[in-house]
Amino acid sequence: MKNIHYLVYIFFTFIPVPGLIAQEQPEREITNVKGDLYRFREVRHIGMFLVTPEGIILVDPTNSKVSSWLKEQLDKRFNLPVKYVIYSHSHNDHSSGGEVFQDTAIFVGHINMLKNLKKPKINDPLLPREVLWDINKDNLIQKNESIGHNYIEDYFDLYDKDKNGGLDRSEIWEIRFGGNQIPPQIVYSDKATISLGGKTVELIYTGKNHTDDMTVVYFPDEKTIYTVDFLTPKRLPRTDLDGGFLPDWVDSLKKVELIDFNIISPGHEAPGTKQDVTEQRKYLEELVEKVSLQILQGKTEEEILRAIDMSHYNHLMEYDLSILGNISGVYEMLISNIMVNQRR
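1070 is the number of the first residue of the sequence shown in our numbering; add one for each residue after it.
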């Protein structure tokens, strides 16, 4: 009888109920955040723009197709030019497509974007974390060495341009930074303010986190911040924290907590509040402390993956997808920090 009841339950669970089924999201859309501040979205990538009487301030053009669509929408809805394009950081899935606005806009970003957008040479040394993956120490990441390392594994064949079976520093760079990005024409180091049409946008550098060139874009009148990839409300940081910096990331979140805001608009997923910053900071802080303790006890990465329990955060989105990657990412960053310090 238990089996029969179970089957009946399953049957009724999947009966469509008119009005209760959420409509499928369009591929692209524009939604209002507050006042003259808007988010635009393509699938899971989100940027922002602020409308002023003298023009539009745009954050993260994303890619050429999105920017072309967005320009049509802005012309149709507001009939105003984009005067500023602000970059949150240099990763190509957020910073591409700016050429669509090049005839009217000034491009702004953190000063570290300039070095990050400069393509490395083929023989340049691997980054400290990549050195950990280079088992045979040939300054290349072979396909078998890329396994479990997020973007490198996923895009290995596409970016192995010379088909020699290994990715050099230049080819690895292409995965996250290659493309048609227009470098920032105005750069800042700590803080900057853009004023247009009686409105202001503040650019705040809170330190290294997901990258070392990340800008928190603050809209003071709307009390809203844009945190793109390094702070996604109610979701774990993605998989193995590719390209990130620890323990700096925790310090960066502490600085975000000091900003006077009510709304977080991330580069992926739904908006959140200041409470989400605190939860994310506590999560990373605890994870770093636990991994650090295990390293001090001489544990291997495999032993650490088995030992650490963060299940009290399993209510966060993508917990099952990312928790093991998060632990490995923290381990690799902390170990590579130790290796760098030993060389000094």
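A virtual CB, placed ideally from N, CA and C, is assigned to each residue, including glycine.
Given this structure, state the Cα-to-Cα distance separating Pro1252 from Asp1282, to the nearest angstrom.
If I take the Cα positions, the gap works out to 13 Å.
Tell me whether His1279 is buried or exposed, calling it buried when 16 or more other Cβ atoms sit within 10 Å of its Cβ.
In this structure His1279 is buried. Its beta-carbon is surrounded by 16 or more other beta-carbon atoms within 10 angstroms.
Between the C-alpha atoms of Gly1394 and Thr1121, what's the straight-line distance to the nearest angstrom?
Spanning the two alpha carbons is a distance of roughly 42 Å.
Count the other CB atoms, across all protein chains shown, that sit within 10 Å of the CB of Asn1185; report buried if there are 16 or more and exposed otherwise.
Asn1185 counts as buried, since no fewer than 16 other beta carbons sit within 10 angstroms of its beta carbon.
Whole-angstrom distance between Arg1198 and Ile1404, CA atom to CA atom
Roughly 8 Å between the two C-alpha positions.
Have a look at Leu1315, Val1325, Tyr1274 and flag the residue whose alpha-carbon is nearest the alpha-carbon of Val1399.
It is Leu1315 whose Cα lies nearest to the Cα of Val1399.
Taking 6 Å as the limit between beta carbons, can you name the residues of its chain near Asp1129, skipping five residues before and five after?
So the qualifying residues of the chain are Gly1116, Ser1157, His1163.
Taking all protein chains shown into account, do 16 or more other C-beta atoms lie within 10 angstroms of the C-beta of Leu1143, making it buried, or fewer, making it exposed?
When all chains shown are included, Leu1143 counts as buried.
For Phe1109, which residues from the same chain have a beta carbon less than 6 Å from its beta carbon, with the 5 sequence-adjacent residues on both sides left out?
So the list reads Ile1099, Gly1116, Leu1139, once near-sequence residues are dropped.
Straight-line CA distance for Gly1367 to Asp1203?
Roughly 21 Å separates the two Cα atoms.
Looking at C-alpha atoms only, which residue of Gly1217, Asn1249, Ile1210 is the closest neighbour of Arg1238?
Nearest option by C-alpha distance: Ile1210.
Between Asp1298 and Gly1336, is the Cβ-Cβ spacing less than 8 Å?
In contact: Asp1298 and Gly1336 (Cβ atoms closer than 8 Å).
Rounded to whole angstroms, what's the CA-CA distance from Thr1173 to Ser1159? Just pull it up for me.
Each residue's alpha carbon lies about 21 Å from the other.
How far does the beta strand (DSSP E) with His1179 in it reach, from first residue to last?
Here the beta strand (DSSP E) through His1179 covers 1175-1179.
Less than 8 Å between C-beta atoms, sequence neighbours within five positions excluded: which residues of the same chain meet that for Ile1175?
Answer for Ile1175: Lys1152, Tyr1153, Val1154, Gln1254, Ile1255, listed in chain order.
Mapping DSSP to helix, strand and coil, what is Pro1335?
Residue state, collapsed to three classes: strand.
Write down the C-beta distance between Phe1288 and Leu1106 rounded to the nearest angstrom, noting that I regard them as a contact closer than 8 Å.
Yes, Phe1288 and Leu1106 are in contact; Cβ-Cβ is about 6 Å, under 8 Å.
Please return the same chain residues whose Cβ sits closer than 6 Å to the Cβ of Lys1359, not counting the five positions on each side in sequence.
Excluding positions up to five away in sequence, the list reads Ile1377.
Out of Ala1261, Ile1294, Val1169, Arg1146, which has the shortest C-alpha to C-alpha gap to Ser1133?
Of the listed residues, the one whose Cα sits closest to Ser1133 is Val1169.
As a quick exercise: from Glu1093, Ile1373, Glu1240, Asn1331, pick the residue whose alpha carbon is nearest that of Val1102.
Nearest option by C-alpha distance: Asn1331.
Got a sec? Which residues, its chain only, sit under 7 Å from Lys1324 by beta carbon, not counting five neighbours each side?
Once the five neighbours on either side are set aside, the close Cβ partners of Lys1324 are Thr1275, Gly1276.
Should Pro1302 be labelled buried (16 or more other beta-carbon atoms within 10 Å of its own) or exposed?
By the neighbour-count criterion, in which a residue is buried when 16 or more other Cβ atoms sit within 10 angstroms of its Cβ, Pro1302 is buried.
C-alpha gap between Ile1407 and Leu1327, whole angstroms
About 30 Å.
Give the range of the beta strand (DSSP E) segment to which Val1128 is assigned.
Where Val1128 is concerned, the enclosing beta strand (DSSP E) stretches over 1124-1128.
Check for me: the beta strand (DSSP E) holding Arg1108 runs from which residue to which?
Going by DSSP, Arg1108 is part of the beta strand (DSSP E) stretching over 1106-1111.
Would you say Leu1374 and Ser1397 are within 8 Å of each other, going by their C-beta atoms?
Yes, these two residues count as a Cβ contact at 8 Å.
Between which residues of its own chain and Glu1240 is the CB-CB distance below 7 Å, once the five residues before and five after are set aside?
Here the set comprises Tyr1228, Asp1229, Lys1230.
Kindly identify the DSSP beta-bridge partner or partners of Val1151.
Answer is Ile1125.
Limits of the unbroken beta strand (DSSP E) element including Leu1227
Premise fails: Leu1227 lies in the alpha helix (DSSP H), 1225-1228, not in any beta strand (DSSP E).
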